[in-house]
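Notes follow the structure.
There are 2 protein chains.
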Amino acid sequence: MPKNALYAQSGGVTAVINASAWGVIEAVRGHPAHFGTCYAARNGILGVLEEEILDLDEEDPLTLAALRHTPGGAFGSCRFDLGDLKRDRAQYERLVEVFHAHDIGYFFYNGGGGSMDTAHKVARIGDELGYPITAVGVPKTIDNDLGMTDTSPGFGSAAKFIATVVREASLDVESAHTTSTRVFILEVMGRHAGWLAAAAALAQEYDGRPPMLILFPETPFDLGDFLTQLQMAVRTHGYCVVVASEGLKNPDGSLFSVAQSHDIYAYTQLGGVAPRLAEIIRQETGLKLHWSVVDYIQRAARHLASRVDVQQAYAVGRSAVEGVVAGEHSFMPVIRRDSDRPYRWSIDRVPLEAVASIERGLPPAFISPDGYGITAACRDYLRPLIEGEDYPPFDRGLPCYPRIRGVLRPQRCAPFRVESPG
Amino acid sequence: MPKNALYAQSGGVTAVINASAWGVIEAVRGHPAHFGTCYAARNGILGVLEEEILDLDEEDPLTLAALRHTPGGAFGSCRFDLGDLKRDRAQYERLVEVFHAHDIGYFFYNGGGGSMDTAHKVARIGDELGYPITAVGVPKTIDNDLGMTDTSPGFGSAAKFIATVVREASLDVESAHTTSTRVFILEVMGRHAGWLAAAAALAQEYDGRPPMLILFPETPFDLGDFLTQLQMAVRTHGYCVVVASEGLKNPDGSLFSVAQSHDIYAYTQLGGVAPRLAEIIRQETGLKLHWSVVDYIQRAARHLASRVDVQQAYAVGRSAVEGVVAGEHSFMPVIRRDSDRPYRWSIDRVPLEAVASIERGLPPAFISPDGYGITAACRDYLRPLIEGEDYPPFDRGLPCYPRIRGVLRPQRCAPFRVESPG
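Chains as they are written, first to last, in UniProt numbering: chain Z, 1 to 422; chain A, 1 to 422.
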């Protein structure tokens, strides 16, 4: 009898992570000689530890197929990392207990860098604890900072949303700048890397105008120079659109948004780069301004997904399963760029240990010499990732995102107390 | 020889104001016996005073037709109100000078309540200054606060965007609430009326869940009760999605977002309801949270326009012209709701003087008794306004929003110094 498969989601979710889920589920079901039933854990690895195993046979097949166009993490995600294989032995013994109770032989973990580390630890259970489990990673992250892959599913759709709304809001600001707002600031995600901020520059393609200034986490923030550039842009264009990464850093390396109450502007900690920049600009220049923080909206905006991104999310899910069928283990499917123009890509597979600890920043060669824009190389890299639309179905004016029923399998193990991830 | 027509845009722009522009231009050109050439003023009434008259015959016909799907104000907008007809006589004499120089007999002004007042003043120029001018208003505002009309073009699309992104971000928050963010706050526009905040409740339709709490400008903010409701929602659902209007008010009627540095939380003035709420919730409950401020993005989001809204924007533009052809003057086309289910609407016309000073708030009967949600009557009102999609064309992953060339007609009048609107 073939062993069962278990799929789980981890970390910050994206607009297309469920497309990967569907890729895994569909492919597992397509290989009945190799796999038993396909289950999903609720809330990632936490759901395995807590024996919350969802029975996908209880779901309406249409709901499962709709995962392809539903944002968020349909099975629940978590921010929780497994402990050390030697020191936190009880956690691993618990995983074996639950795997064994549900006859699970295959584990597909869909997440970012930290989750790949967890997947790698699970993959070692066979060697370390003697329970035969094949563990595989499935990549996702809007931050695009996973190593060994040309891009990560989730990034392209967030990038497309950001570039689109920057283009739209810029037209708005441009319309009335002579008597109204002259500066617009958009804050985007990316605590450690400026990929999403860079994507905003794609909005310029049409005629080389806004956003005029991009503030990357990679470029230490020089307030004086920024204000000079801002005022120059306002003189030239009449207005200035600024895109700022949440990861913007002061010259001393500290985060710009974590202001202390004793600094000269007397801010309390707000965790918002845009409102803080706005206040400084207002005080220093008197220019009328508006600002926006898109936060989770940018990573959940399935209504404007990139078709390429959706296809890649689905493909890495399928490839994870196909790799297992081919006898591989402890790997992560990655996206290879085979050509820029026309854009061609394929799926490859790399060992989990090779990706678990790499964090890929925006290369210096992708940031323009003045530090406020992107280079042609960066544009060539980014452009194909936002290509194509893949609209979800709408009903009465809103996108249809069905929820799974979430029927748990009967628990067979004793309760287990998971230490709070804090 | 028929007189020429002049179209202009005013106030905060929307995702569909250019569809009204196209409605006006196309209809004017369709009645060559009644109208000469169709011009547009740059930056609204300011462009008339400054004699910045755009020659639309210089534009590519495809660019003009693309106005139907291009957000922002293609001809430039302004925040500027005409002075008193008796006291500020020079302004009106200047208008007559410019109208006369370009043989303009018809003026179409596309804006909100303040702009309708301006249109009405222009309409009185014939009686007051003896120059024959037919002035007509064309409604727009995302705030939905114009009187005499069932809704205003621009609102439906902003409402659709808000309801969609709330639904999407809620799925994101729901995914990982057990180990991550438990409270998400979205700030929406609407300084004086809670229409846009109310629209967020449409996201609930699917299964009656998020957003759990809506904060309206119409309901004085009771911090203690809000925190109780918030914690109750977190206990019930595991997380809480809050939608807050930028116009949220303290019990004393002052704006919540205009905090003083001497208050108990030591804020400086940030003009952001969401970050301020976030800080209070963090201090009072310790719950992990995220927040978003969509600002101009919500009113520029043409990529997700409501088809009904686009059709109505176009229809009020056409109706303005058709009314003039029928011999009417000093009016504004309005949208009448002929039936709820199925939704049927038609265009009527009302005198400008009847709309110029009315501001329509959210009726008390549209807010649920607890103050944090909407009633069935409100839902029935809102639902049809977001119906249907009307995607713009995309090129290489981004929406195509062509800009007009903006060729000015030669100036024939002496320069005129417009006093700064401040």
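Don't be surprised by glycine CBs; every beta carbon is placed ideally from N, CA and C.
Would residue i and residue j qualify as a contact pair, given that the criterion is a beta-carbon distance under 8 Å?
i	j	result
His69(Z)	Arg318(Z)	no
Pro211(A)	Val242(A)	yes
Val334(A)	Thr118(A)	no
Val188(A)	Glu279(A)	no
Pro402(A)	Pro392(A)	no
Arg349(Z)	Glu58(Z)	no
Gly137(Z)	Tyr109(Z)	yes
Ser292(A)	Tyr381(Z)	no
Ala27(Z)	Tyr7(Z)	no
Gly112(A)	Gly11(A)	yes
Arg299(A)	Thr63(A)	no
Ile185(Z)	Leu277(Z)	yes
Val325(Z)	His31(Z)	yes
Ile281(A)	Leu230(A)	yes
Leu95(A)	Leu49(A)	yes
Asp222(A)	Pro251(A)	yes
Residues in its own chain within less than 7 Å of residue i by CB, not counting five upstream and five downstream?
i	result
Glu218(A)	Gly194, Gly361, Leu362 and Ile367
Pro132(Z)	Gly105 and Gly126
Tyr373(Z)	The displayed chain sequence assigns Gly, not Tyr, to residue 373(Z). So the qualifying residues of the chain are Ala201 and Ile214.
Met1(Z)	Gly36
Val16(Z)	Pro153, Gly154, Ser157, Ala305, Asp309, Val310 and Ala313
Asp338(Z)	Arg344, Trp345 and Ser346
Ala377(A)	Ala365 and Phe366
Counting only the same chain and skipping the five closest in sequence on each side, list residues whose C-beta sits under 6 Å from that of residue i.
i	result
Ala101(Z)	Arg412 and Cys413
Tyr265(A)	Annotation note: pLDDT 41 at Tyr265(A) (below 50); position unreliable, no value reported.
Ile358(A)	Gly147
Val234(Z)	Arg182 and Cys240
Can you determine whether any heavy atom of the ligand MN sits closer than 7 Å to the C-beta of residue i, and answer yes or no?
i	result
Val407(Z)	With respect to small molecules bound, the structure shown includes none, and the ligand MN cannot be examined in it.
Just the chain Z side, please: which residues come within less than 8 Å of residue i by C-beta, in chain order?
i	result
Ala163(A)	Gly397 and Leu398
Leu202(A)	Gly397 and Leu398
Arg167(A)	Leu398, Pro399 and Tyr401
Measuring alpha carbon to alpha carbon, tell me which residue in the options is nearest residue i.
i	options	result
Arg409(A)	Pro32(A), Ala40(A), Gln204(A) and Leu196(A)	Ala40(A)
Val183(Z)	Met232(Z), His31(Z) and Ala158(Z)	Met232(Z)
Gly253(Z)	Phe216(Z), Leu46(Z) and Ser170(Z)	Phe216(Z)
His120(Z)	Val173(Z), Gly83(Z), Ile142(Z) and Arg344(Z)	Gly83(Z)
Ser42(Z)	Thr178(A), Gly114(A), Pro61(A) and His31(A)	The amino acid occupying residue 42(Z) in the given sequence is Arg; Ser does not appear at that position. Closest by alpha carbon: Thr178(A).
Gly323(Z)	Arg417(Z), Gln9(Z) and Val24(Z)	Val24(Z)
Gln9(Z)	Val28(Z), Phe80(Z), Leu62(Z) and Ala27(Z)	Phe80(Z)
Val86(Z)	Leu129(Z), Arg341(Z), Arg336(Z) and Arg282(Z)	Looking at the sequence provided, one finds Lys at residue 86(Z) rather than Val. It is Leu129(Z).
Gly72(Z)	Ile53(A), Val166(A), Gly397(A) and Asp222(A)	Val166(A)
His290(Z)	Val418(Z), Glu174(Z) and Leu46(Z)	Glu174(Z)
Ala198(A)	Lys3(A), Gly371(A), Glu389(A) and Gly11(A)	Gly371(A)
Arg396(Z)	Pro369(A), Glu51(A) and Arg383(A)	Arg383(A)
His329(Z)	Ala123(Z), Tyr92(Z) and His34(Z)	Ala123(Z)
Leu227(Z)	Arg191(Z), Gly190(Z) and Leu287(Z)	Leu287(Z)
Ala66(A)	Phe416(A), Phe394(A), Val418(A) and Val407(A)	Phe394(A)
Leu54(Z)	His237(Z), Gln91(Z), Asn144(Z) and Ala5(Z)	Ala5(Z)
Glu353(Z)	Phe331(Z), Arg341(Z), Pro342(Z) and Pro369(Z)	Phe331(Z)
Glu389(A)	Asn144(A), Lys160(A) and Glu50(A)	Lys160(A)
Chain A partners of residue i, CB-CB under 7 Å?
i	result
Gly72(Z)	Leu171, Asp172, Glu174 and Ser175
residue 428(Z)	As displayed, chain Z neither begins before 1 nor continues past 422, which places residue 428(Z) out of reach and without an answer.
Glu389(Z)	Phe394
List the residues of chain A that residue i touches, going by C-beta distances under 8 Å, in chain order.
i	result
Phe80(Z)	Thr179
Beta-carbon within less than 8 Å of residue i's beta-carbon, same chain only, minus the 5 sequence neighbours each way: which residues are those?
i	result
Thr164(Z)	Ala203 and Leu304
Which chain A residues sit within Cβ distance under 9 Å of residue i?
i	result
Arg383(Z)	Arg396 and Gly397
Phe184(Z)	Asp295 and Tyr296
Leu46(Z)	Thr178 and Thr179
Gly76(Z)	Glu174, Ser175, Ala176, His177 and Thr178
Against residue i, what residues of chain Z qualify as contacts under a CB-to-CB distance less than 7 Å, listed in chain order?
i	result
Phe107(A)	Result: empty, since nearest Cβ-Cβ is about 19 Å, beyond 7 Å.
Which residues in chain Z have a C-beta closer than 9 Å to the C-beta of residue i? List them in chain order.
i	result
Ile386(A)	Arg396, Gly397 and Leu398
Val13(A)	Leu171, Asp172, Ser175 and Ala176
Lys160(A)	Gly397 and Leu398
Residues of the region 239-252 of chain Z with a CB closer than 9 Å to any CB of chain A: list them in chain order, please. none
Using a Cβ-Cβ cutoff of 7 Å, what residues of the region 285-305 of chain A are near chain Z? List them in chain order. His290, Trp291, Ser292, Val293, Val294, Asp295, Tyr296, Ile297, Arg299, Ala300, Ala301, Arg302, His303 and Leu304
Got a sec: which bits of the region 31-44 of chain A sit with their beta carbon under 7 Å from any beta carbon on chain Z, in order along the chain? Asn43
Taking Cβ-Cβ distances below 8 Å as the criterion, which residues of the region 319-350 of chain A are in contact with chain Z? none
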